[in-house]
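Data block below; observations after.
Protein chains: 4
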Amino acid sequence: MEWVFRSDLPLYAQLVEKVKLAIISGELPPGARLNSVRDLAMEAGVNPNTMQRALQELEREGLVYSQRTAGRFVTVNDAAINSAKRALAEEKLNSFLSAMGELGYDRAGLIALLQEGEEKEHGDS
Amino acid sequence: MEWVFRSDLPLYAQLVEKVKLAIISGELPPGARLNSVRDLAMEAGVNPNTMQRALQELEREGLVYSQRTAGRFVTVNDAAINSAKRALAEEKLNSFLSAMGELGYDRAGLIALLQEGEEKEHGDS
Amino acid sequence: MEWVFRSDLPLYAQLVEKVKLAIISGELPPGARLNSVRDLAMEAGVNPNTMQRALQELEREGLVYSQRTAGRFVTVNDAAINSAKRALAEEKLNSFLSAMGELGYDRAGLIALLQEGEEKEHGDS
Amino acid sequence: MEWVFRSDLPLYAQLVEKVKLAIISGELPPGARLNSVRDLAMEAGVNPNTMQRALQELEREGLVYSQRTAGRFVTVNDAAINSAKRALAEEKLNSFLSAMGELGYDRAGLIALLQEGEEKEHGDS
DNA sequence: GTGGTCTAGACCACC
DNA sequence: GTGGTCTAGACCACA
Chain X
77 MEWVFRSDLP
87 LYAQLVEKVK
97 LAIISGELPP
107 GARLNSVRDL
117 AMEAGVNPNT
127 MQRALQELER
137 EGLVYSQRTA
147 GRFVTVNDAA
157 INSAKRALAE
167 EKLNSFLSAM
177 GELGYDRAGL
187 IALLQEGEEK
197 EHGDS
Chain D
77 MEWVFRSDLP
87 LYAQLVEKVK
97 LAIISGELPP
107 GARLNSVRDL
117 AMEAGVNPNT
127 MQRALQELER
137 EGLVYSQRTA
147 GRFVTVNDAA
157 INSAKRALAE
167 EKLNSFLSAM
177 GELGYDRAGL
187 IALLQEGEEK
197 EHGDS
Chain A
77 MEWVFRSDLP
87 LYAQLVEKVK
97 LAIISGELPP
107 GARLNSVRDL
117 AMEAGVNPNT
127 MQRALQELER
137 EGLVYSQRTA
147 GRFVTVNDAA
157 INSAKRALAE
167 EKLNSFLSAM
177 GELGYDRAGL
187 IALLQEGEEK
197 EHGDS
Chain Z
77 MEWVFRSDLP
87 LYAQLVEKVK
97 LAIISGELPP
107 GARLNSVRDL
117 AMEAGVNPNT
127 MQRALQELER
137 EGLVYSQRTA
147 GRFVTVNDAA
157 INSAKRALAE
167 EKLNSFLSAM
177 GELGYDRAGL
187 IALLQEGEEK
197 EHGDS
């Protein structure tokens, strides 16, 4: 996992984002054990407390659970993961829509653009 | 204009991006005079050299031209602006496609998602 | 507010409990401004971060909201308060039921006990 | 027996409470021999004098008697135990009533709540 | 002044 | 070793 941070969002929120994406994309599969808070914090170059806060947030969202002595694990509840995936997709879609809106593209225009690219892909293959 | 920077891209490139977007979106209309390099650098809180480099890049791309004594101006060449818009849109589209790809959406899925939203908008109105 | 703590529950959780009760009981009415984090922490004799965590938890539960510079306020959403009241009541009821269960009282026995007391109250008045 | 203490009640009183509950609930049956003061104090992590005071209080209440050489025993007087049970129950009832009073429940409301739960239990079974 | 974030470092329970 | 809690103290944005 690459740990690069922006300055427009709290660190812990970006950590949540990163780990969540790893879970959603399957890089961290259901049931997988996460590294320890301390190790992850070292990796990311942040304070363990900051990493802890991020993981607790993920726990509250039901994507992760912790076992006292054994460590933290990705949930095995596929529904929770899929719901998070859906929410993230919607969020990305919306920010994309607004960004493209500034460039003068509305939904219809984007659909056209996508279909254009699709034909090209098929043409290439 | 808001000047917030990420750490994963050179400053000057982010400056180029920001100004380019302002031109493309019409916030800086064709023929408009840009503030002086020194003023823009102050605004953005960057070194004037960095801002200078960004503006030269925009000049190279034909979106801006400078007149020795009067300052820098947005191009009046609509074709250049439209071409930049097209390029930027494609770039954003691609990064969006790859991001959504990680979440399991391909072009067809995204088209469906967009059409879904479109119907909803019409239903709401 | 009295700040006395047990050792069987994290401090921050007890702080949540205390403030929640104050809101539910109306001691802190809807819309009321809470003292600043620092002041409350001083009052309670805890670290400001601990108090902060408690208040953020209340914020997540919708019982409190914060305004950047002005401070924190009790929600004006009566439904949220009533829902919290209901939940707290149920929780207290259950722990009471189990405690009385150890003494050999079941629901029916408790109802009898309560009715007994009720008659007595009426007799006294 | 779990030994966790609050800070709002003298230690010895909490010890009395704990042992009394054990007797009332039958965990310490009539006639059972209690461990020595020293052992009990160790278990609970308190000073033997404190434990001694608690046991003397229980003796005064007639729930425990001591035999010079053999140690301390739970009373075999069922009436005494029942009376203690009754008193404890009333005490718990009262503190419960006052706590629920703060949440807006009076005796009648609580009876309703209890009957509600009773029906549900029967429905579930 | 307000809330919010982050770090550093300590201590605890659990196994 | 693990997660969890707490403190102390710093810095920031906002108005």
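Protein chains in written order, with our numbering: chain X, 77 to 201; chain D, 77 to 201; chain A, 77 to 201; chain Z, 77 to 201.
Here a beta-carbon is modelled for each residue, glycine too, at the ideal position from N, C-alpha and C.
Open item on the list: Using a Cβ-Cβ cutoff of 7 Å, what residues of the region 157-174 of chain D are near chain X? List them in chain order.
Closed with: Among the residues of the region 157-174 of chain D, those with a Cβ less than 7 Å away from any Cβ of chain X are 161, 164, 165, 168, 169 and 172, in the order of the chain.
Task: the region 156-165 of chain X touching the region 126-140 of chain X, judged by at least three CB pairs closer than 8 Å - done: Yes: at least three Cβ pairs fall under 8 Å.
TODO: In the DSSP assignment, find the unbroken beta strand (DSSP E) run with residue 141 of chain X in it and report its ends.
DONE: For this step, residue 141 of chain X is matched to residue 65 along the first sequence. Segment 140-143, the beta strand (DSSP E) holding residue 141 of chain X.
Open item on the list: Helix, strand or coil for residue 147 of chain D? Go by DSSP, reduced to three states.
Closed with: In the second sequence, residue 147 of chain D corresponds to position 71, counting from 1. Of the three classes helix, strand and coil, the one that applies to residue 147 of chain D here is strand, per DSSP.
Open item on the list: Below 9 Å on C-beta distance, what does residue 83 of chain Z contact in chain A?
Closed with: What you label residue 83 of chain Z is simply residue 7 of the fourth sequence in a count that begins at 1. Scanning chain A for C-beta atoms nearer than 9 Å to the C-beta of residue 83 of chain Z yields 80, 81, 82 and 83, reported in chain order.
Open item on the list: Can you list, in chain order, the residues of its chain with a C-beta nearer than 7 Å to that of residue 152 of chain A? Leave out the 5 residues immediately preceding and following it.
Closed with: Residue mapping note: residue 152 of chain A aligns to position 76 of the third sequence, counting from 1. So the list reads 106 and 107, once near-sequence residues are dropped.
Open item on the list: Against chain D, which members of the region 96-114 of chain X pass a CB distance test of less than 8 Å?
Closed with: Answer set for the region 96-114 of chain X: 97, 100 and 101.
Open item on the list: Could you check whether residue 179 of chain A and residue 101 of chain Z sit closer than 8 Å to each other, using their CB atoms as the reference points?
Closed with: The sequence position of residue 101 of chain Z within the fourth sequence is 25, counting from 1. The sequence position of residue 179 of chain A within the third sequence is 103, counting from 1. Contact: yes.
Open item on the list: Can you pull out the residues from the region 117-147 of chain D whose beta carbon lies closer than 9 Å to at least one beta carbon of chain X?
Closed with: Going along the region 117-147 of chain D in chain order, one finds no residue with a Cβ nearer than 9 Å to chain X.
Open item on the list: Let me see if you follow: with CB-CB separation under 8 Å, is residue 87 of chain Z close to chain A or not?
Closed with: The count along the fourth sequence starts at 1 and reaches residue 87 of chain Z at position 11. Chain A, which has no Cβ nearer than 8 Å to the Cβ of residue 87 of chain Z, makes this no.
Open item on the list: Would you say residue 191 of chain A lies against chain Z (beta-carbon separation less than 8 Å)?
Closed with: For this step, residue 191 of chain A is matched to residue 115 along the third sequence. Closer than 8 Å to some Cβ of chain Z, the Cβ of residue 191 of chain A qualifies, so yes.
TODO: Verify the CB distance criterion: does residue 180 of chain Z have a CB-CB separation below 8 Å to chain A?
DONE: Stepping through the fourth sequence from its first residue, residue 180 of chain Z is reached at position 104. True, the Cβ-Cβ gap to chain A drops below 8 Å.
Task: Per-residue burial, residue 80 of chain D [other beta carbons within 10 Å of its own, 16 or more giving buried] - done: Taking the second sequence and counting its residues from 1, the one referred to as residue 80 of chain D is at position 4. The C-beta of residue 80 of chain D has fewer than 16 other C-beta atoms within 10 Å across all chains shown, which makes the residue exposed.
- [ ] May I have the straight-line CA-CA distance separating residue 155 of chain X from residue 98 of chain X, to the nearest angstrom?
- [x] Start at 1 with the first residue of the first sequence, and residue 155 of chain X comes out as number 79. Start at 1 with the first residue of the first sequence, and residue 98 of chain X comes out as number 22. Each residue's CA atom was taken as its position, placing residue 155 of chain X and residue 98 of chain X some 16 Å apart.
Task: Nearest residue (CA-CA) to residue 164 of chain D, options X/166, X/175 and X/168 - done: Reading the second sequence from its first residue, position 88 is the one you call residue 164 of chain D. When only C-alpha atoms are compared, the closest one is X/175.
- [ ] Kindly list the residues whose CB is nearer than 7 Å to the CB of residue 87 of chain Z, restricted to its own chain and excluding five residues on each side of it in sequence; keep chain order.
- [x] The sequence position of residue 87 of chain Z within the fourth sequence is 11, counting from 1. Cβ neighbours of residue 87 of chain Z beyond the five flanking positions: 81, 122 and 126.
TODO: Within the same chain, show all residues whose beta-carbon is closer than 7 Å to that of residue 147 of chain A, passing over the 5 residues directly before and after it, in chain order.
DONE: Position 71 of the third sequence, counting from 1, holds the residue named residue 147 of chain A. Only 109, 110 and 112 meet the Cβ criterion.
Open item on the list: Check whether chain A comes within 8 Å of residue 77 of chain Z, counting only Cβ atoms and requiring the distance to be less than that.
Closed with: On the fourth sequence, residue 77 of chain Z is found 1 positions in, with the first residue counted as 1. Taking Cβ atoms only, chain A never reaches closer than 8 Å to residue 77 of chain Z, which makes this a no.
Task: Whole runs of the beta strand (DSSP E) within the region 109-185 of chain Z, excluding any shorter than 3 residues - done: Note on the region 109-185 of chain Z: whole beta strand (DSSP E) runs with a minimum of 3 residues are 140-143 and 147-150, in chain order.
Task: Burial state of residue 191 of chain A, where buried means 16 or more other Cβ atoms lie within 10 Å - done: Position 115 of the third sequence, counted from the start, is the residue given in the question as residue 191 of chain A. Around the CB of residue 191 of chain A, fewer than 16 other CB atoms lie within 10 Å, so the residue is classed as exposed.
Task: Assigned exposure category for residue 144 of chain D - 16 Cβ within 10 Å defines buried - done: Mapped onto the second sequence, residue 144 of chain D falls at position 68. Exposed.
TODO: Alpha carbon to alpha carbon, how far is residue 85 of chain A from residue 90 of chain D? Give it in angstroms, no decimals.
DONE: As a position in the second sequence, residue 90 of chain D is number 14, starting the count at 1. As a position in the third sequence, residue 85 of chain A is number 9, starting the count at 1. About 49 Å.
Open item on the list: Given this structure, state the Cα-to-Cα distance separating residue 47 of chain X from residue 95 of chain X, to the nearest angstrom.
Closed with: There is no way to answer for residue 47 of chain X, as the model of chain X reaches only from 77 to 201.
Open item on the list: Suppose the cutoff is 8 Å on Cβ atoms and the five residues either side in sequence are ignored; what does the same chain contact list for residue 104 of chain D look like?
Closed with: Along the second sequence, read from residue 1 onward, the residue named residue 104 of chain D stands at position 28. 95, 98, 110 and 150, listed in sequence order.
Task: Straight-line Cα distance separating residue 118 of chain Z from residue 119 of chain X - done: Here residue 119 of chain X refers to the residue found at position 43 of the first sequence. Here residue 118 of chain Z refers to the residue found at position 42 of the fourth sequence. Computed Cα separation, rounded: 45 Å.
Open item on the list: Taking the straight line between their C-alpha atoms, what separation do you get for residue 129 of chain D and residue 77 of chain D?
Closed with: As a position in the second sequence, residue 129 of chain D is number 53, starting the count at 1. As a position in the second sequence, residue 77 of chain D is number 1, starting the count at 1. C-alpha separation (whole angstroms): 19 Å.
Task: Rounded separation between residue 167 of chain A and residue 83 of chain A - CA only - done: Position 91 of the third sequence, counted from the start, is the residue given in the question as residue 167 of chain A. Position 7 of the third sequence, counted from the start, is the residue given in the question as residue 83 of chain A. Between residue 167 of chain A and residue 83 of chain A, the alpha-carbon positions lie close to 20 Å from each other.
Task: Contacting residues, own chain, Cβ-Cβ under 7 Å from residue 134 of chain D (five flanking each side not counted) - done: Here residue 134 of chain D refers to the residue found at position 58 of the second sequence. If we look at residue 134 of chain D and ignore the five residues flanking it on each side, its Cβ neighbours are 92, 95, 96 and 140.
- [ ] Can you grab the Cα-Cα spacing for the pair residue 170 of chain X / residue 183 of chain X, in whole Å?
- [x] Here residue 170 of chain X refers to the residue found at position 94 of the first sequence. Here residue 183 of chain X refers to the residue found at position 107 of the first sequence. Per the coordinates, the alpha-carbon of residue 170 of chain X lies some 11 Å from the alpha-carbon of residue 183 of chain X.
Task: Inter-residue Cα distance where the pair is residue 198 of chain A and residue 186 of chain Z - done: Working through the third sequence from its first residue, we reach residue 198 of chain A at position 122. Working through the fourth sequence from its first residue, we reach residue 186 of chain Z at position 110. Looking at the two C-alpha atoms, the distance is approximately 17 Å.
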